[in-house]
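Protein chains in written order, with the numbering used here: chain A, 6 to 315; chain B, 1478 to 1772.
For reference, the structure is listed below as structure tokens.
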Amino acid sequence: MIQYVIRRFLQMIPILIGVTLLIFLLFTFFGEDPARVALGSHATPEKIAALRAKWGLEKPLVVQYLQFWREILTADFGRSFVSGERLSDMFKEGALVSLSVTLPPFVMGTVLNLCVAMLVAWYRGSFFDRFMSVIFTACMSVSYLVYILLLQYVLAYKFDLFEINGFIPGVKGLAFLFLPWLILMTVQFGPDVRLYRSILLEETKADYVRTARAKGLSEKKVMFKHVLKNAMIPVMTYTVVEVPFLVMGSFVLERYFSIPGIGDLLVSSVNTGDFPVIKGVTVMIAVAYSVFNLITDVLYAAVDPRVKLS
Amino acid sequence: MNKNKNMTSAEIVRGDTLWRRASRRLKASRLTMACFVIIAIYLVLAVLGYTKWIPDFQQQVGEKFMHPTLAKPALWLGTDVFGRSVLFKLFAGARTAITLGVLVTCISLPIGLCLGAVAGYFGGKIDGLVQWVYSVIVAVPYILLIIAITYILGKGMLAICIAMGIVGWVGLCRMTRAEFIKLREREFVLASRLLGASDGRLIFRHILPNVMHIAIVAASMEIMGAIKAEVILTYLGVGVQDGSSWGQMIADAPGELLNGIWWPTFGVSLTLFLIVFALNRVGDALRDALDPRLV
């Protein structure tokens, strides 16, 4: 097990090299000159050159790239070009904000969607099941933006149930969070329930279900004690992989509601050419993505004795 | 076995191929057939959009923000802030969305199929390389890549097509690779290899046709994903710039809704919903019909 984990960590290195190279090349070769963006269009060439030198943009590319790796290994990405803030502080704040937006609906949504999927799987093959399948596909087919627009318009503007827009940190800000939470849960509903339903139905075809029925267990016992328990393995796999995206937040949602999370930070740093932020966020996301993939595989082997790590 | 229940005797004589079985299953659901019709209508609209048959959406057809009336087709869905017909804007959006969906699929489908096939068939170093490439692409946030590519190519249709095409092949590549790993050891492949078939012939002539059902389902999902993503990218300001996009209409919607102007939002939401729903439904139906394991 430990050997496996170590080997997987080593496998992350080539992927990280690829990610860093890709980001580095894309943004140093093709991105706008951050010094020019920071100083505006009326800046003199001397001023731009001075700022470029200060930010280390005049050094050879290889040196800049190696410096990038030193930053990764020491987990210190320096300061933002734009605000001059320390990046580690910006990330900590942003990640907390993003998590406060995405984590509660993720947890509540997963439980709720699993319950609904269980209900539909209980009546599998009936008219109710087929009707609900169409409903779930319909829920999946509404654009994210349309959900945001309509829910904000109807619930916050027409019925005045929620705050329309904005974000305040801390407990007072809860009022601002309810609407994004509701939107995220609505967006997740269709695809999640469909996925869980197909996982549950896949399990009901297994041999152990036939055995359980043959020995006379009630349908309730079969579904809740046997099928649900076994279905939790794939459900868990899909859920754990989602976690890094929670930290990242949702670009569109954070943009729309002016919530200062990681997604918003990334989009605005791309617009201002704030390369340190782009580098930092990308590396963070790539590492988080790989680590959570590894956690999924290890968990999978831990709960399912048939799976061997190799 | 009730497999032959709905077949005529002539069909039984001709043999029951995968495709014939699939088309019978598809025809069994009226909703699925309706979805095919919806997709066909959008395709026709998209093609007509390139001819003179559909009026130019930039043209002014009335006052600003006219309510929908049945007087003229141009006013069926009212007008926007410049007095342009909302209906014609939706048609132009359909042209943009369908063109984009088809182009993205034309880029990503061959890449995904070929790389998946090569990686799965040869294994070893080639497989390692392909896996490395897609692991890197998946680990970088999608939107960052797309924005970076719009820097290189400039904002607009071409940039998003290429960007989404480059990003979009990963899923299909993984599935194709897994299928190839399974199929390359099967008897029919070994038999042709013994008869002296080359690698290329084995890949394209013998194994690939057995993977086509995955590609077909992936294509319908890819088109749908591209249409949904284009709306969001245009909303974020990196998408289609000439105003002929549903994303632009959604970006205008919050301000219009607050002033009680509901028809552009209504029109664009419904148009977008119908095509995405139809593609979703058809994708599912195709998967059910073509994949023999899931019944």
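No residue lacks a Cβ here, since even glycine has one placed at the ideal position from N, Cα and C.
Only counting the same chain, and skipping five residues up and downstream in sequence, which positions put a Cβ closer than 8 Å to that of residue i?
i         : result
B/Gly1673 : none
A/Ala80   : Ser93
B/Asp1729 : Asp1557, Val1558 and Pro1741
B/Leu1767 : Leu1495, Ala1499, His1690, Ile1693 and Val1694
Would you list the one or two residues that DSSP bridges to residue i?
i         : result
B/Gln1537 : B/Arg1561
A/Arg84   : A/Arg91
B/Thr1556 : B/Ser1562
So, does the CB of residue i fall closer than 9 Å to a CB anywhere in chain A?
i         : result
B/Gly1578 : no
B/Lys1705 : yes
B/Ser1562 : no
B/Thr1742 : yes
B/Ile1709 : yes
B/Met1478 : Model confidence at B/Met1478 stands at a pLDDT of 40, short of 50, so the residue's coordinates are unreliable; what they give is reported in the following sentence. B/Met1478 does not count as touching chain A.
B/Tyr1628 : yes
B/Asn1757 : yes
B/Pro1587 : no
B/Ile1727 : yes
B/Ser1721 : no
B/Ala1616 : yes
B/Val1607 : no
Express the C-alpha separation of residue j and residue i in angstroms, rounding to a whole number.
i         : j         : result
B/Gly1716 : A/Gly130  : 42 Å
B/Phe1754 : A/Gly268  : 28 Å
A/Leu117  : A/Pro50   : 59 Å
A/Ala48   : A/Arg41   : 7 Å
A/Thr191  : B/Ser1669 : 52 Å
A/Ala307  : A/Leu108  : 25 Å
A/Tyr294  : A/Lys226  : 37 Å
A/Asn276  : A/Val292  : 24 Å
B/Arg1758 : B/Gly1570 : 21 Å
B/Cys1512 : A/Phe133  : 21 Å
A/Leu150  : A/Asn170  : 15 Å
A/Ser148  : B/Ala1706 : 9 Å
B/Gly1744 : A/Ile153  : 16 Å
B/Ile1639 : B/Val1581 : 7 Å
B/Pro1731 : A/Asp302  : 43 Å
B/Tyr1527 : B/Thr1573 : 10 Å
A/Gln8    : B/Leu1592 : 31 Å
A/Leu251  : B/His1683 : 43 Å
A/Glu208  : A/Val125  : 14 Å
A/Leu205  : A/Met123  : 7 Å
B/Asp1719 : B/Met1634 : 9 Å
B/Leu1756 : B/Met1701 : 6 Å
What does a CB cutoff of less than 6 Å around residue i pick up in its chain, not counting 5 residues either side in sequence?
i         : result
A/Pro39   : Phe86, Gly278 and Phe280
B/Arg1661 : Tyr1598
B/Ile1531 : Leu1525 and Phe1568
B/Gly1589 : Trp1646, Leu1649 and Cys1650
A/Lys313  : none
Using a beta-carbon distance below 9 Å, is residue i in contact with chain B?
i        : result
A/Ala180 : no
A/Gly221 : no
A/Leu104 : no
A/Ser146 : yes
A/Thr142 : yes
A/Gly266 : no
A/Arg218 : no
A/Pro39  : no
A/Gln157 : yes
A/Met237 : no
A/Thr287 : yes
A/Ser131 : no
A/Ser252 : Here residue 252 of chain A turns out to be Val, not Ser, going by the sequence shown. No, A/Val252 does not count as interfacial toward chain B.
A/Leu150 : yes
A/Gly23  : yes
So, for residue i: in the same chain, excluding its five sequence neighbours on each side, which residues have a beta-carbon less than 7 Å away from its beta-carbon?
i         : result
B/Met1698 : Gly1760
A/Glu63   : Arg57
A/Ile290  : Pro249 and Met253
A/Met228  : Trp127
A/Ala217  : Val227 and His231
B/Leu1751 : Ile1515
B/Ile1738 : Phe1542
B/Gly1642 : Val1581, Ile1584 and Ser1585
**Q.** 4 or more residues per run - each alpha helix (DSSP H) lying fully within the stretch 189-239 of chain A
**A.** Within the stretch 189-239 of chain A, the complete alpha helix (DSSP H) runs of at least 4 residues are 212-219.
Q. For the stretch 70-156 of chain A, which segments carrying the alpha helix (DSSP H) assignment without a break, of at least 4 residues, lie completely within its bounds, in sequence order?
A. For the stretch 70-156 of chain A, the full-length alpha helix (DSSP H) segments reaching 4 residues or more read 92-127, 132-146 and 149-156 along the chain.
Q) Which parts of the stretch 1630-1693 of chain B are runs of the beta strand (DSSP E), unbroken and 3 residues or longer, counting only runs that do not cross its ends? A) Counting only unbroken stretches of 3 or more residues, no beta strand (DSSP E) element lies wholly within the stretch 1630-1693 of chain B.
Q.
Suppose only complete runs of 4+ residues qualify. What are the alpha helix (DSSP H) ranges in the stretch 21-47 of chain A, listed by chain order?
A. The stretch 21-47 of chain A contains, as complete alpha helix (DSSP H) runs of 4+ residues, the segments 39-44 (chain order).
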